[in-house]
Amino acid sequence: KYGADGDVIEISIHTVKVQNWDKTIVTIPTHALISDSFKNWRGMREAGGRRIKRAIYIDMTSIKFCTEEMLERFKKIQYIQEYLESKIRDIEEYNRKNNIDTDSIVNGRHLTNIGTFRAYVENYIKNHPKLNKGMLQIVRQLQPTEKGLPLEIYTFTNDTAWVNYESIQADIFDHILAVLPEFDLRIYQAPSGHDINISFGIASFVTYVVHFVGFPKYLLVNSVLP
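One gets the numbering used here by counting positions in the sequence shown from 1 and adding 978 to each.
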């Protein structure tokens, strides 16, 4: 309402002056502090933690069960070695006790790449030196959307200064986005002009091959052409 977002620098009988983060000054009538609602950042500073609440969107077509080859790769990742040992043992015991036919991966319980990645992120933030260990830390799935499956990271930095907070948050998500492909997962991203150009180029090349070079013989096998 008053465009105030910063530090209170002066309080008088009738007005309160606030210096915004962009260094502009806003004057607010004192009675407004009683009649209107304001957010006070002092509690955050005194608590010693500033909240990170951000989600990344996973392309749901990249979610799958873990193969033996994938599990062997994942076992080399230090943050999830104990998790994998415990989880694999529990799953094998469950499938054995319940006489599960594991010839089909649909039967019984199995590890997935999204679940393993979530466990990695949980352990990553637990061990991050610039996150507050005494405050809530959660990595959770949100409601799937047309943009993919949101995986939300909810944690607190141990430094409440704005510049430092933004740097810590950026470092965390830099790492998460970079490591994601190691779990055979993909980030959802709306098609850009570059993607469209690539698709158009591939389509043009295929059209050229079919019309001027001839349809590849191996594609004619078991195919019906008009």
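We put the CB at the ideal spot given by N, CA and C, even for glycine. The structure presented is a predicted model; accordingly, all values stated were derived computationally and were not measured.
Would DSSP call residue i helix, strand or coil?
i     : result
Y1132 : strand
D1149 : helix
D985  : strand
I1041 : coil
R1222 : Residue 1222 lies beyond the residue range present for the chain, which begins at 979 and ends at 1204; the question has no answer from this structure.
V1202 : Per-residue confidence for V1202 stands at a pLDDT of 48, beneath the threshold of 50, marking its modelled position as unreliable; the derived number appears in the next sentence. V1202: coil per DSSP, three-state reduction.
P1169 : coil
N1018 : coil
L1158 : helix
K1065 : helix
L1049 : helix
For residue i, which residues from the same chain have a beta carbon less than 6 Å from its beta carbon, with the 5 sequence-adjacent residues on both sides left out?
i     : result
E1130 : A1033, R1118 and L1120
I1150 : none
D935  : In the structure as shown, the chain begins at 979 and stops at 1204. Residue 935 is therefore absent and cannot be evaluated.
H1088 : F1043
I1116 : Y1132
Classify residue i: buried if its beta carbon has 16 or more other beta carbons within 10 angstroms, exposed otherwise.
i     : result
T1002 : exposed
A982  : buried
I1154 : buried
Y980  : exposed
D985  : exposed
Y1143 : buried
L1114 : exposed
V996  : buried
Y1102 : buried
G1021 : exposed
Q1147 : buried
Output needed for residue i: all residues of its chain with C-beta closer than 8 Å, excluding positions within five of it in sequence on either side, in chain order.
i     : result
R1164 : I1036, D1037, T1039, S1040 and L1158
I1058 : F1052, T1094, A1097, Y1098 and N1101
E988  : V994 and K995
P1122 : M1038 and P1128
Starting from the C-beta of residue i, find all residues in its chain whose C-beta is less than 7 Å away, skip the five residues before and the five after it, and write them out in chain order.
i     : result
N1085 : I1078 and D1079
I1006 : Y980, A982, T993, V994 and V996
Pairs of beta-carbons, one from the stretch 1007–1023 and one from the stretch 1084–1095, closer than 8 Å: are there three or more? no
Assess, as a yes-or-no matter, whether the stretch 1042–1058 is touched by the stretch 1016–1034 under the definition of 3 or more beta carbon pairs within less than 8 Å. no
Ordered list of beta strand (DSSP E) runs contained in the stretch 1074–1123, each at least 3 residues: 1116–1119
Stretch-stretch touch, CB-based, cutoff 8 Å, three pairs: the stretch 1099–1116 with the stretch 1131–1143: yes
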